[in-house]
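Using the UniProt record's numbering, the letters of the sequence shown correspond one by one to residues 1 to 263.
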Amino acid sequence: MDSHSNSASPFTCLVFDLDDTLYSSKTGIAENLRKNIDDYLTEKCGFAASKASSLRVELFRTYGSSLAGLRALGYDIDADDYHSYVHGRLPYHLVKPDPQLRSLLLSIPQRKIIFTNSDRAHAVRVLKRLELEGCFDQIVCFETMNPNLPASTRPDEFPVILKPSPEAMEIALRAADVDPRRTLFFDDNVKNIAAGKAVGLKTVLIGKSVKTREADYALEAVRDLAGVIPEIWGAAATQGGDQAIIPTRSGIDSIPTPTSVGA
Numbered sequence: 001m002d003s004h005s006n007s008a009s010p011f012t013c014l015v016f017d018l019d020d021t022l023y024s025s026k027t028g029i030a031e032n033l034r035k036n037i038d039d040y041l042t043e044k045c046g047f048a049a050s051k052a053s054s055l056r057v058e059l060f061r062t063y064g065s066s067l068a069g070l071r072a073l074g075y076d077i078d079a080d081d082y083h084s085y086v087h088g089r090l091p092y093h094l095v096k097p098d099p100q101l102r103s104l105l106l107s108i109p110q111r112k113i114i115f116t117n118s119d120r121a122h123a124v125r126v127l128k129r130l131e132l133e134g135c136f137d138q139i140v141c142f143e144t145m146n147p148n149l150p151a152s153t154r155p156d157e158f159p160v161i162l163k164p165s166p167e168a169m170e171i172a173l174r175a176a177d178v179d180p181r182r183t184l185f186f187d188d189n190v191k192n193i194a195a196g197k198a199v200g201l202k203t204v205l206i207g208k209s210v211k212t213r214e215a216d217y218a219l220e221a222v223r224d225l226a227g228v229i230p231e232i233w234g235a236a237a238t239q240g241g242d243q244a245i246i247p248t249r250s251g252i253d254s255i256p257t258p259t260s261v262g263a
């Protein structure tokens, strides 16, 4: 069980989604990802270009991702090939370094973990573009949730596991070895937030100013964290004491702001 904690804080670990959580959904990455998936459906699977977009939406709605849906329907899709195609063609240059976020994350003494449905290569590349290397202790990703997929002999032998399925949440908790009651879970997807709440996590909805029923907190952006959940830095932070040092809004804003910029 996690031991890297601030004894004065109610939280021992912070778990973050990656895409549209640690960087803005307005970067253009999501739009390009959707286009890449449409192209994959057309070029690799033989679907008509006019049908690709609606099929992608239906696969996502029904199965959680296009990859999961294609394999469930009997298409022998190699996950590495799929991710190499849909993520490998992304314009990663649109993701800019975020020194404000880096400063905030490094001020947090608890363990910090990435929990993403994306493959590890994508996660590492995004974190590098954000210049957040060294800010996280662990990455829980597609490969973590689907370790048996490469050994499958038929597409439906091992269903693809992704957030927000209960199986994905349980795998993440085991892999991270955390106490959900003392863990903050950050995600921009309301279904993922609901799944986190169902397994006992304290939940933070990103990209919204109003909480949903399953969200304990709501933040427009992760960089607003210190103003909304100061107890991360310990009881002294909420009582105005001098025992805990948390980044102030003005302190974070004094760092130059970088250019603003599903699968």
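Just so it is clear, CB atoms sit at the ideal spot from N, CA and C, and this is done for glycine as well.
No experiment lies behind these values; they were computed from the predicted model shown.
Taking all protein chains shown into account, do 16 or more other C-beta atoms lie within 10 angstroms of the C-beta of residue i, making it buried, or fewer, making it exposed?
i	result
Lys51	exposed
Asn148	exposed
Val210	exposed
Val57	exposed
Asp177	exposed
Asp19	buried
Arg154	exposed
Asp119	buried
Arg129	buried
Do you know how far the Cα of residue j is from the Cα of residue i?
i	j	result
Phe185	Val199	11 Å
Phe11	Phe47	48 Å
Ser53	Tyr63	15 Å
Cys13	Ala49	44 Å
Pro166	Leu173	11 Å
Ala72	His83	17 Å
His87	Ser24	17 Å
Leu104	Trp233	11 Å
Asp253	Arg111	Confidence at Asp253 is low in this model, with a pLDDT of 46, below 50, so its placement is unreliable and the value that follows should be read with caution. If you take the alpha carbons of Asp253 and Arg111, they lie about 24 Å apart.
Lys163	Asn192	6 Å
Arg223	Ala151	41 Å
Ala121	Gly227	33 Å
Arg34	Ser9	40 Å
Pro109	Gly134	13 Å
Asn36	Cys141	20 Å
Thr42	Leu55	10 Å
Ser66	Asp81	13 Å
Asp179	Cys45	42 Å
DSSP on residue i, reduced to helix/strand/coil?
i	result
Gln138	strand
Val15	strand
Ile113	strand
Ile29	helix
Phe158	coil
Thr212	coil
Arg89	coil
Thr21	coil
Ala121	helix
Thr248	Note on Thr248: pLDDT 49, under 50, position unreliable in the model; the coordinate value appears next. Coil, per DSSP.
Gly227	helix
Gly74	coil
Across which residues does DSSP place residue i in a beta bridge pair?
i	result
Leu204	It is Val, not Leu, that sits at residue 204 in the sequence shown. Paired residues: Phe186 and Tyr217.
Arg102	BP columns for Arg102 are empty, so no partner.
Assuming residue i and residue j form a contact by the criterion Cβ under 8 Å, report the distance between their Cβ atoms to the nearest whole angstrom.
i	j	result
Asn146	Val124	That pair is no contact at about 17 Å.
Ala194	Glu170	In fact, because the Cβ distance is near 15 Å, the residues do not count as touching under 8 Å.
Would you say residue i reaches chain D, if we count a Cβ-Cβ gap shorter than 9 Å as a contact?
i	result
Ala123	Among the chains of the structure shown, chain D does not appear; only one protein chain is present.
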